[in-house]
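Read through the structure below, which is laid out as structure tokens, and then see the notes.
There are 2 protein chains.
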Amino acid sequence: MNAEAHKVDVFQAVADPTRREVLQLLSESSQSIAELSSHFDVSRTAVVKHLNVLTKAGLVRGEKNGREKIYYLQPEPLQELKDWLAYYEKFWYNKLAKLKYAVENDTLNK
Amino acid sequence: MNAEAHKVDVFQAVADPTRREVLQLLSESSQSIAELSSHFDVSRTAVVKHLNVLTKAGLVRGEKNGREKIYYLQPEPLQELKDWLAYYEKFWYNKLAKLKYAVENDTLNK
DNA sequence: ATTATATAGAACCATATGGTGTTATGTCAA
DNA sequence: TTGACATAACACCATATGGTTCTATATAAT
């Protein structure tokens, strides 16, 4: 399988809480599958499956090192998420602005 | 079911492409279920299911209006996503900074 | 050489998910 | 009041997802 091919949507990849925890751990330090698995209740196989999903989303990269495989965070695909969010920010900031206005008005009318 | 109770994770809610399209449409204008469904290939029942998920995530709100039910975008829960992303931004911006540095160095060495 | 360690991969399983169609129920209009 | 319209609710289905265990292979250490 080609790790470069983003076969998994970043939204999908990030939807699972375990995968988000994997990303968190890898952001603190690159580590082997064994090390990573020690932080979870689920089996090593399950962790590997999550790593595969994250790899296909381009969010992590695994490098063989002797008999270990070290995984690294690769955060760039999160940019897509950020761009998506940027569009919606104006909507909730507008709402907050309206709320602020209403609150200030109420205060003035007292 | 209590629409206020965020029973569905915002990451999960946003993971589905159809649901993202629903959010997009609602950001353009609030509209009824029938109106919304007309934009999709899937059945109205399927769209309603997606609306239920989005409602449980607090991302939309439906208001009965006569025999119609109008849905509105409610973008505030996206803040959670934004906060989550903010943590990772430093990682990819660091990487970009490093790349920029390398590129500039190569240029200088020519 | 032999044993222990680290990962890979296959086979399997239960439940969640996204979809369907059909049947009520409530509301507007003629 | 009758028919058309909009939504609600139910029953059902196929596949995806997240998980398991067991087996195989490659590398390190004794």
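Protein chains in written order, with the numbering used here: chain A, 11 to 120; chain B, 11 to 120. Idealized CB from N, CA, C, for every residue including glycine. The model shown is predicted, which means the values in this text are computed figures rather than measured ones.
Burial check for T55 (chain A): the Cβ neighbour count within 10 Å stays below 16, so the residue is exposed. Residues of the region 85 to 97 of chain A with a Cβ closer than 8 angstroms to any Cβ of chain B, in chain order: P85, E86, L88, Q89, L91, K92, W94, L95 and Y97.
The Cβ of S40 (chain B) sits no closer than 8 angstroms to any Cβ of chain A.
Short of 8 angstroms from the beta carbon of L61 (chain B), and not among the five residues preceding or following it, lie these beta carbons of its own chain, in chain order: V32, I43, L46, V70, G72 and Y81. Residue-level contact by beta carbon holds for V24 (chain A) and chain B, with a gap shorter than 8 angstroms.
Against chain B, the CB of L61 (chain A) has no partner CB under 8 angstroms away; the residue lies outside that interface. In the assembly as shown, P27 (chain B) is an exposed residue. Its beta-carbon has fewer than 16 other beta-carbons within 10 Å. L69 (chain B) sits in coil when the DSSP states are folded into three classes, being neither helix nor strand. In the DSSP assignment, E86 (chain B) falls outside any alpha helix (DSSP H) and carries neither an H nor an E. In the three-state reduction of the DSSP assignment, S42 (chain A) falls in the strand class. Of the residues B:A96, B:F101, B:E78 and B:G68, the one whose Cα lies closest to the Cα of V24 (chain B) is B:G68.
Counted as a single uninterrupted DSSP element, the alpha helix (DSSP H) harbouring F21 (chain A) occupies residues V20 to V24.
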